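For the protein sequence lines, the chains are A and B, in the order given. In this text, residue positions in the first sequence follow our numbering: the first is 399, and each later residue adds one. In this text, residue positions in the second sequence follow our numbering: the first is 399, and each later residue adds one. Note that CB positions come from ideal geometry on N, CA and C, so glycine has one too. This structure is a prediction, so every number in the text was calculated from the model and none was measured.
Number of protein chains: 2
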Amino acid sequence: MRRPTFSVDVVLLTPLDRHLAVLLVRSPEGSAERWSLPWSLGKATDATLEDTASRVARSVVTAQVAWMDQVGAFADSRRHPSDAELSIAFVGAVPVGTLTRDSDDSAWFPVVELPALSPRQRAIIEASTDAARLKIDSTPVAFRLLPQRFTLSDLQRVYEIMLGRRLHKASFRRALQAATLVEPTDEWRSEGRGRPAQLYRYAPKRRRRVRRGLRFDGISLN
Amino acid sequence: MRRPTFSVDVVLLTPLDRHLAVLLVRSPEGSAERWSLPWSLGKATDATLEDTASRVARSVVTAQVAWMDQVGAFADSRRHPSDAELSIAFVGAVPVGTLTRDSDDSAWFPVVELPALSPRQRAIIEASTDAARLKIDSTPVAFRLLPQRFTLSDLQRVYEIMLGRRLHKASFRRALQAATLVEPTDEWRSEGRGRPAQLYRYAPKRRRRVRRGLRFDGISLN
DNA sequence: TCAATAGTGTCTGTTAGACATTATGGA
DNA sequence: TCCATAATGTCTAACAGACACTATTGA
């Protein structure tokens, strides 16, 4: 039997409770690992790699994928469930509360508590969460992970989970205001104790391109 | 004849004159395009994709490659010189003044004046220059594109060429000082007219992690 | 002397983050 | 009433960018 050339592996992320979670599917019986990333080999009906990745994503969740990006090609000599020598990885995110299609054979796992996985897929998840953080940081995709109406605390929580760090509340709101990305509605929501929060909706206005400079800060020396 | 599975394409960049340049090699006679990116199919002696990319890089320049990163997999239905259905792209940079190994069959082209290329390779170059800007911005690789001793104007020029935009002189030097990445030597260099410039060397001290916040600025709305 | 480049000092507007305070509900 | 959460105002340190100025060479 001819060996498959490459697989397309999909890392679907979602904020779950207070952590970032990744969707895994149950491996066929007899595999060394019980779980794996959803993947597929390319089909003739897929014109592009993106098409293949979208098909894989649709096969495991019903919800709309907020965005999807290619992460790269992984070809270390490590074992992979498809037996392919090469895996092209994609990362995407789905809205808060998205359920898996098949609750028996797929589940969300916090990225900090992953089960045994093939080493290559573990590397893929690592690179994918990094890519997701960059994406969240540079484009307004967080809004697509929430319902139409959301509180600013909801939004901040999504950012914090995706970025993996706490944010300053006042700064968060100021930055949001300056970017004119959201609009208050006249609805409020009471959530247990505490003052009810105003609901907002995503309503991006025009850009304020500021283009602020060079930062040697971010440099990670080697 | 069986169709090759995938190629590894390498985008080597260097600052040339006032522009960013990419190394292209002459295509075999009879190709539709005269030039192409250097590429190779994987060999049994290559343990990883990175090894293949390094081998390709070494085959076209003698100089040390300052760094190399994978850009991604490109598989649009576009034509590629290797006839491979898939190309894995890598981007790297070589020091200012690096010559091509074979001056007859390879040459530096400013990225703004590329010759006819296969559409896939054109897309690869586009994505690679973006990746290179990110890299330059976030890690101190610019220093590896200069000789041991360099002037701050040299360094700023490298940054400007790689980033594709002008930088503010005073801010550039302040940021550099704050990051404690360079150290003045007691040498000066006179370059035609004007006051001679002091020579510096790369001497990174420890980091000052400041971790300054969330910026909705950078968001590119869609 | 002039032209060109190197290198610095000062000022200002912006903003991240700290801190404090008020507002408003549920328990 | 107490407590938890929402929302906002003020202050400060950091910093990017503008501007101006001095320094030092070759032509």
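Item                                                                                                                                                                  : Value
Tell me the rounded alpha-carbon separation between A:V406 and A:A576.                                                                                                : 39 Å
Look at A:W506 and A:L421 and say whether their C-beta atoms are less than 8 Å apart.                                                                                 : yes
Less than 8 Å separating the beta-carbons of B:Q546 and B:R599?                                                                                                       : yes
Threshold first: 3 residues or longer. Then list the beta strand (DSSP E) segments lying entirely within the region 413-476 of chain A, N to C.                       : 417-424, 437-439, 465-472
Quick check: the region 532-548 of chain A against the region 588-599 of chain A, are at least 3 beta-carbon pairs closer than 8 Å?                                   : yes
Under the three-state reduction of DSSP, which class applies to A:E589: helix, strand or coil?                                                                        : coil
What does B:A473 touch in chain A if you count any residue whose Cβ is under 7 Å from its own?                                                                        : T446, L447
Quick one: give me the first and last residue of the alpha helix (DSSP H) that B:F570 is part of.                                                                     : 567-577
So, helix, strand or coil for B:R599, using DSSP?                                                                                                                     : strand
B:Q468 CB to nearest chain A CB: under 8 Å?                                                                                                                           : yes
Can you give me, in chain order, the residues of the region 480-499 of chain A that have a beta carbon less than 7 Å from any beta carbon in chain B?                 : L484, I486
Grouping DSSP H, G and I as helix and E and B as strand, with all else coil, what is A:V366?                                                                          : Lying before the first or after the last residue shown, residue 366 of chain A is absent from chain A, which here runs from 399 to 620.
Excluding sequence positions up to five away, which residues of its chain have a Cβ less than 7 Å from the Cβ of A:T516?                                              : Position check: residue 516 of chain A holds Ser in this sequence, whereas Thr was assumed. Result list for A:S516: E431, S434, R476, R477, H478, P479, in chain order.
According to DSSP, is A:L532 part of a helix, a strand, or is it coil?                                                                                                : helix
Taking B:G455 as the reference, give the member of B:D552, B:D535, B:T412 with the closest Cα.                                                                        : At residue 455 of chain B the sequence reads Ala, which differs from the Gly that was named. Considering only alpha carbons, the answer is B:T412.
Which residues in the same chain as B:A525 place their Cβ atom closer than 6 Å to its Cβ, once the five residues preceding and following it in sequence are excluded? : V469
Among all the DSSP beta bridges, which residues are the ones paired with A:G490?                                                                                      : A:L410, A:M466
Short of 8 Å in beta carbon distance, which residues of its chain neighbour A:R518, apart from the five on each side in sequence? Order them along the chain.         : F472, D474, R476, R477, H478, S485
Can at least three beta-carbon pairs, one atom from the region 481-498 of chain B and one from the region 448-466 of chain B, be found at a separation below 8 Å?     : yes
Between the region 399-423 of chain A and chain B, which residues of the former have a C-beta closer than 8 Å to a C-beta of the latter?                              : T403, F404
Bridge partners of B:L544, per DSSP?                                                                                                                                  : The partner list for B:L544 (beta bridge, DSSP) is empty, contrary to what the question assumes.
What residue from B:S501, B:G592, B:R563, B:A451 has the CA that sits closest to B:D467's CA?                                                                         : B:A451
What is the rounded straight-line gap between the Cα of B:F418 and the Cα of A:G590?                                                                                  : Residue 418 of chain B is actually Leu in this sequence, not Phe. The alpha-carbon atoms of B:L418 and A:G590 are separated by roughly 58 Å.
Tell whether a beta-carbon distance below 8 Å holds between A:T498 and A:S504.                                                                                        : yes
Hey, how far is the Cα of B:D415 from the Cα of A:T446?                                                                                                               : 38 Å
So A:Y557 and A:A540 are in contact, right, with Cβ under 8 Å, and what is the actual spacing, rounded?                                                               : 6 Å
How would you write the range of the beta strand (DSSP E) that B:S504 sits in, first residue to last?                                                                 : 504-508
Measure the CB-CB distance between A:T583 and A:K603 and report whether it falls below 8 Å.                                                                           : no
Judging by CA-CA distance, which residue of A:W586, A:D502, A:I559 is the nearest neighbour of A:D535?                                                                : A:I559
Could you check if A:V408 is buried or exposed, using at least 16 other CB atoms within 10 Å of its CB as the buried criterion?                                       : buried
Can you find the residues in the same chain that come closer than 6 Å, C-beta to C-beta, to B:A514, ignoring five residues on each side of it along the sequence?     : E431
Buried or exposed, going by whether 16 or more other CB atoms sit within 10 Å of the CB of B:L410?                                                                    : buried
Per DSSP, what are the beta-bridge partners of A:E524 in this structure?                                                                                              : DSSP, once it has assigned bridges, lists no residue as partnering A:E524.
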